[in-house]
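Okay, so the first sequence: first residue is 3 according to my numbering, each after it adds one.
Working notes for the structure below.
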Amino acid sequence: MDKIEVRVRNAPSPTGLLHIGGIRTFLYNFLFARKNNGKYILRIEDTDQERLVPGSLENIVQSLHELGINTDEGPYWDNGLKSRGDKGPYIQSQRLDIYKKYAQELLDKKAAYYCFCTKERLVQLRQEQQVNKLPPKYDKFCLKFSEAEVAQKIKNGESHVIRLNVHPDHLIEFIDLVYGPIKISSNEVDDQVLLKSDGFPTYHLAVVVDDHLMEITHVIRSNEWIPSTPKHILLYQAFGWKLPTFVHLPPILSKTTGKKLSKREGDVSVQDFLEKGYLPEALINFLAFQGWNPKTEQEIFSMLELVQVFSLDKVNRSGAIFDLDKLDWFNSMYIRRLKIEELFARCLPYLIKTGIETGKYPKEFIEKILELERGRLRKLSEIGERVEYFFKEPTYDPQLLIWKKTEKQTIIKNLESLQTFLQTLPAKKFKRDILESETKKFIESEKLKTGEVLWPLRVALTGLEASPGPYEIMDAFSVLPDGKEQIIKRVSKAAEILFK
RNA sequence: GGCCCUAUCGUCUAACGGUUAGGACAUAGCGUUCUCAACGCUAGAAUCCGGGUUCGAUUCCCGGUGGGGUCACCA
């Protein structure tokens with residue numbers, strides 16, 4: 003028995019930046035396609051000409067590319083916007099004649115009818131219904147016109163739309179792969195506009211026609227579409243087409259509002275997250291867990307592993323709150339796993355932004371520094387200010403140099419003898435382990451207290467309350483030709499400042 | 001408001017009628033430690049409410065309540 007090839011799609015509107023909640027839907031479609039050796043298609047639904055935002059098509063395609071969600075058909079990014087696939091065009095505004103043809107077919111089948119109602123009448127109708135506490139629905143007013151009347155009105159150039167003719171009092175049922183059986187009365191379904199007066203289709207006509215023509219087998223989309231699924235089913239039935247399998251996904255909610263994550267909430271676009279230093283791998287891993295989980299205790303999954311374990315029957319039905327804390331955790335996990343060269347490459351933009359001219363330093367120096375910070379980073383964007391002290395002499399808060407309740411004099415004295423000790427230590431011995439053992443010997447022989455030496459030393463090197471340890475920092479500096487001098491200079495400067 | 005969906009720690013979630021209700025994030029404490037991070041240990045923290053069904057309900061059914069969604073010539 004031949005299995006029908008799985009074909010799924012995502013169909014965003016180019017009305018702005020691709021946003022993070024929406025990505026989860028893309029991800030699940032992609033994972034489902036890959037898991038089933040199917041095809042993953044991107045289609046652009048630009049039938050609302052008023053809401054178009056220039057550049058959003060590029061943003062969508064580019065964002066998907068950066069996240070590693072690769073499409074098989076439709077527009078894609080490869081050093082520029084390209085397109086592929088033999089069931090195109092994949093941009094709805096280029097398919098207008100197709101929709102007209104199918105709208106005509108519905109007209110011929112009496113499944114749809116012309117409507118000449120003005121906006122004013124529709125608004126008034128809705129108001130009346132509201133006052134009378136009736137559900138707001140079109141009242142089929144224009145259904146009464148004879149064919150001759152309709153022809154005359156069209157000939158007169160009256161503005162018109164085409165509406166779906168929904169018959170009352172029957173039940174529309176479908177089985178959702180996530181939500182199970184769903185029943186909705188046709189009385190709840192409005193005589194939806196299918197073709198607008200500007201000749202463009204509405205979403206409902208376009209999505210059904212295209213999903214059929216593009217041989218989509220599974221419609222996987224966010225659950226806010228459940229209420230309009232009956233309209234689509236009615237259309238499939240009117241055309242006599244086979245229904246796809248419907249799969250609705252639970253919503254992703256905002257932590258602050260508890261409502262659907264929306265574009266109005268600030269930085270929610272993929273681009274924003276990438277710019278803040280979230281790794282695509284972390285974003286994908288986190289998003290995969292918003293509404294799905296593998297039923298095991300493993301939490302870290304690469305895209306490849308996700309493909310292997312993903313299945314729609316493990317998708318939840320209840321909404322998930324988007325929690326940045328958890329995302330941050332995933333991100334720090336992925337930062338730790340990065341190869342050092344890759345960490346360098348990915349941190350570079352942030353280092354440049356802080357004004358650090360990495361080109362002026364040995365690669366080994368930068369790499370050692372990044373190695374020190376990688377375990378402390380939640381987001382790559384933090385890297386700049388965290389490592390600035392390596393490139394710029396720190397300024398000191400005298401109070402900070404003092405370890406707990408130690409006497410100021412003691413600290414000064416320790417910094418001074420530390421200076422002499424480091425001076426006498428050969429530059430080639432400025433290696434982490436040697437530094438540690440030599441410094442310990444020094445502390446012991448001078449009968450000093452560890453904290454009273456290491457704390458001021460570390461602060462002298464960094465100017466910071468929190469940082470990696472002094473041995474590691476000195477080890478990194480030792481890579482520079484004047485590393486030892488820089489270290490000693492900082493120690494002496496710190497002592498000076500305390501002395502004042 | 002009508003209709004639809006939904007309900008386990010603060011958050012993501014596990015437990016397909018019988019568990020001391022498990023894990024992770026976050027939080028707190030302790031240990032390690034010059035600080036931070038990491039790591040280890042520990043703690044607190046949940047089955048919305050009310051009815052059924054059943055020997056037994058987090059789990060199945062009904063009702064309520066809460067939350068979300070949707071009712072456009074937007075998608």
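Glycine included, C-beta positions come from ideal geometry on N, C-alpha and C.
Just so we're clear, the structure is a prediction, and the values are computed from it rather than from any experiment.
Let me check one thing: in DSSP terms, what residues is residue i bridge-paired to?
{"i": "C117", "result": "V163"}
{"i": "P183", "result": "I177"}
{"i": "L251", "result": "S224"}
{"i": "K41", "result": "R9"}
{"i": "I46", "result": "I93"}
{"i": "P203", "result": "L197"}
{"i": "S256", "result": "F324"}
{"i": "H21", "result": "S271"}
Assign residue i to one of two classes, buried (16 or more other C-beta atoms within 10 Å of its C-beta) or exposed (fewer than that).
{"i": "H220", "result": "buried"}
{"i": "F501", "result": "exposed"}
{"i": "M3", "result": "Because M3 carries a pLDDT of 45, less than 50, the predicted location of this residue cannot be relied on, and no value is offered for it."}
{"i": "H172", "result": "exposed"}
{"i": "Q129", "result": "exposed"}
{"i": "Q94", "result": "buried"}
{"i": "A531", "result": "Any question about residue 531 goes unanswered here, given that the chain covers just 3 to 502."}
{"i": "N158", "result": "exposed"}
{"i": "S313", "result": "exposed"}
{"i": "P137", "result": "exposed"}
{"i": "R11", "result": "buried"}
{"i": "A150", "result": "exposed"}
{"i": "N134", "result": "exposed"}
{"i": "K442", "result": "exposed"}
{"i": "K407", "result": "exposed"}
{"i": "R9", "result": "buried"}
{"i": "V125", "result": "exposed"}
{"i": "P472", "result": "buried"}
{"i": "V270", "result": "buried"}
{"i": "G377", "result": "exposed"}
{"i": "L145", "result": "exposed"}
{"i": "K111", "result": "exposed"}
{"i": "G76", "result": "buried"}
{"i": "K486", "result": "buried"}
Measuring alpha carbon to alpha carbon, tell me which of the options ends up nearest residue i.
{"i": "S58", "options": "K84, N72 and P14", "result": "P14"}
{"i": "K5", "options": "E359, P203, E299 and N39", "result": "N39"}
{"i": "L403", "options": "R492, P364, M216 and L329", "result": "R492"}
{"i": "C349", "options": "E277, L326 and G182", "result": "E277"}
{"i": "E375", "options": "F346, K362 and P400", "result": "F346"}
{"i": "I354", "options": "R53, G76, R339 and S383", "result": "S383"}
{"i": "L108", "options": "K297, K155 and N167", "result": "N167"}
{"i": "L340", "options": "G357, E359, S304 and A322", "result": "S304"}
{"i": "T259", "options": "Y280, L245 and D325", "result": "D325"}
{"i": "T17", "options": "D274, N61, Y30 and K41", "result": "N61"}
{"i": "V461", "options": "Y391, A478 and K431", "result": "Y391"}
{"i": "V272", "options": "L207, L19, R9 and K433", "result": "L19"}
{"i": "Q194", "options": "H169, E217, P351 and K41", "result": "H169"}
{"i": "I2", "options": "I156, L263 and Q421", "result": "Shown here, the chain extends from 3 to 502; a query on residue 2 therefore has no answer."}
{"i": "G357", "options": "K449, V389 and L66", "result": "V389"}
{"i": "I323", "options": "Y280, E343, M335 and S264", "result": "S264"}
{"i": "E474", "options": "L372, V311, F34 and H234", "result": "L372"}
{"i": "P428", "options": "D327, I174, S480 and Q132", "result": "S480"}
{"i": "P246", "options": "L255, K257, S256 and H234", "result": "H234"}
{"i": "I337", "options": "L285, K257, T49 and E387", "result": "L285"}
{"i": "R97", "options": "D48, E68 and E283", "result": "D48"}
{"i": "K103", "options": "K146, L197, L308 and W331", "result": "L197"}
{"i": "S256", "options": "A497, E498, A496 and H21", "result": "H21"}
{"i": "V204", "options": "Y101, R223 and Q131", "result": "Inspection of the sequence shows that residue 204 is occupied by Thr rather than by Val. With distances taken between Cα atoms, T204 lies closest to Y101."}
{"i": "A478", "options": "K451, Y363 and I499", "result": "Y363"}
{"i": "K495", "options": "E175, I413 and I445", "result": "I413"}
{"i": "W79", "options": "W331, P351, L66 and N333", "result": "L66"}
Note to self: With three or more C-beta pairs closer than 8 Å as the rule, is the region 285-303 touching the region 16-35?
What the structure shows: yes
Item checked: Given 8 Å, three or more beta-carbon pairs between the region 241-252 and the region 308-318 -> Look at the beta carbons and you see the region 241-252 touching the region 308-318: at least three pairs across the two are nearer than 8 Å.
Notebook entry, point to check: In chain order, which alpha helix (DSSP H) runs of at least 4 residues are fully inside the region 71-140?
Noted result: 98-110 and 121-133
Notebook entry, point to check: Counting only runs that start and end within the region 259-345, where is the alpha helix (DSSP H) found for 4 or more residues in a row?
Noted result: 272-277, 282-290, 305-311 and 326-339
Margin query: Counting beta carbon pairs with one atom in the region 187-205 and one in the region 80-89, are three or more of them shorter than 8 Å?
Written below: no
Check: Using 8 Å as the threshold, is the region 461-477 in touch with the region 391-401, meaning 3 or more CB pairs across them?
Finding: Under the three-pair Cβ rule at 8 Å, the region 461-477 counts as touching the region 391-401.
Check: Are the region 208-216 and the region 231-243 touching by the rule of at least three beta carbon pairs closer than 8 Å?
Finding: With the rule of 3 Cβ pairs closer than 8 Å, the region 208-216 counts as touching the region 231-243.
Checklist line | Three-pair Cβ contact test at 8 Å for the region 158-175 versus the region 104-124 | finding: Taking 8 Å as the limit for Cβ pairs, the verdict is that the region 104-124 does touch the region 158-175.
Item checked: Complete runs of the alpha helix (DSSP H) confined to the region 391-451 [at least 4 residues] -> 400-403, 410-426 and 434-447
Notebook entry, point to check: Touch check for the region 225-232 and the region 30-48: three-plus C-beta pairs under 8 Å?
Noted result: no
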